[in-house]
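Working notes, beginning with the structure itself.
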Amino acid sequence: MTARHSDGIDAIVLAAGLSRRTAPRHKLLACDADGIPMIATTVRRIQASRAGRIVVVLGHRADEIRDAIQSHVVSDRPAPGFVIAPDHERGLSATLRSGIGEAQAHGAAGAMICLGDMPLIQTELLDRMIAAHQAHHPPAVVVMHDGRRGNPVLWDRRMFPSLLGLTGDEGARGLLRQHEKDLLRLPAGEEIHLDFDTPDRLEQFSRLSLPS
């Protein structure tokens, strides 16, 4: 592993969802104008960051998503690992718990939670989040645009027990509200609010050319 990467922060990519809103197409397998699957672009940008490890949490159509990533990852950067969320159909929290469990088991100092359907997130933002955590060690580093939080979110390891106790399909929003006053906020662009989870948005994605 090169000196650029930080062993302390795991990047957890949530890619286990059922993709109901774009059915029968799976949004993470949709390709951009260059033929690169959405999930592959997301992972490649994380590969270029300072994250020490990348863990992709799989569930629905796991084999296809794993193949899409492995066929397009950059070979001279840290290879992603994979874990199956056995109860992923129960909601976002189940997928999140699987990823956090992996980070905790490997002694990570923090976990940066990245959504597979947000390929516009830039490596530079991920690196700023990691640097902010290393400098200040807040409960979480969040990104802000136009007065609203977005994704990704970087959680400190002391929050892992609370994250592992989450249930339902809300993810960790309630936990963020509980720690509102202690969050470290970073300014970011509108990409932190832009996902591709409807048929119209997938059509827009198919016309994009997204350099990694």
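In this text, residue positions in the sequence shown follow the UniProt record's numbering: the first is 1, and each later residue adds one. Glycine residues also receive a C-beta, built at the ideal position from the N, C-alpha and C atoms.
Within 8 Å, strictly: CB atoms of residue i and residue j
i, j, result
"A132", "L96", "no"
"D32", "L210", "yes"
"L154", "I130", "yes"
"G59", "D10", "no"
"R44", "V83", "no"
"A68", "I39", "yes"
"A105", "R157", "no"
"F205", "A30", "yes"
Proximity to residue i [Cα-Cα], best of the options
i, options, result
"V142", "P119, M112, G165, A48", "M112"
"D76", "L125, H145, S49", "S49"
"G168", "R20, R148, L194, G91", "G91"
"H26", "G116, Q134, L166, A188", "G116"
"T22", "E203, P199, I46", "P199"
"A103", "Q122, K181, D87, V56", "V56"
"P161", "F196, S19, S98, L194", "S98"
"I12", "H137, P80, D127, R149", "P80"
"L18", "P37, E89, S71", "E89"
"I65", "I46, P37, F196", "P37"
Residue range of the beta strand (DSSP E) that includes residue i
i, result
"P161", "Taken as a continuous stretch (DSSP letters only), P161 belongs to no beta strand (DSSP E), being part of the alpha helix (DSSP H) at 160–164."
Boundaries of the alpha helix (DSSP H) in which residue i is found, first to last residue
i, result
"residue 233", "Residue 233 lies beyond the stretch modelled for the chain, which goes from 1 to 212, so this question has no answer here."
"L176", "173–178"
"M129", "123–136"
Bridge-paired residues (DSSP) for residue i
i, result
"L154", "M112, V141"
"L184", "V141"
"R53", "D10"
"G81", "V55"
"R148", "H145"
"I15", "Before going on, a small fix: residue 15 reads as Ala here, not Ile. Paired residues: L58."
"P37", "C31"
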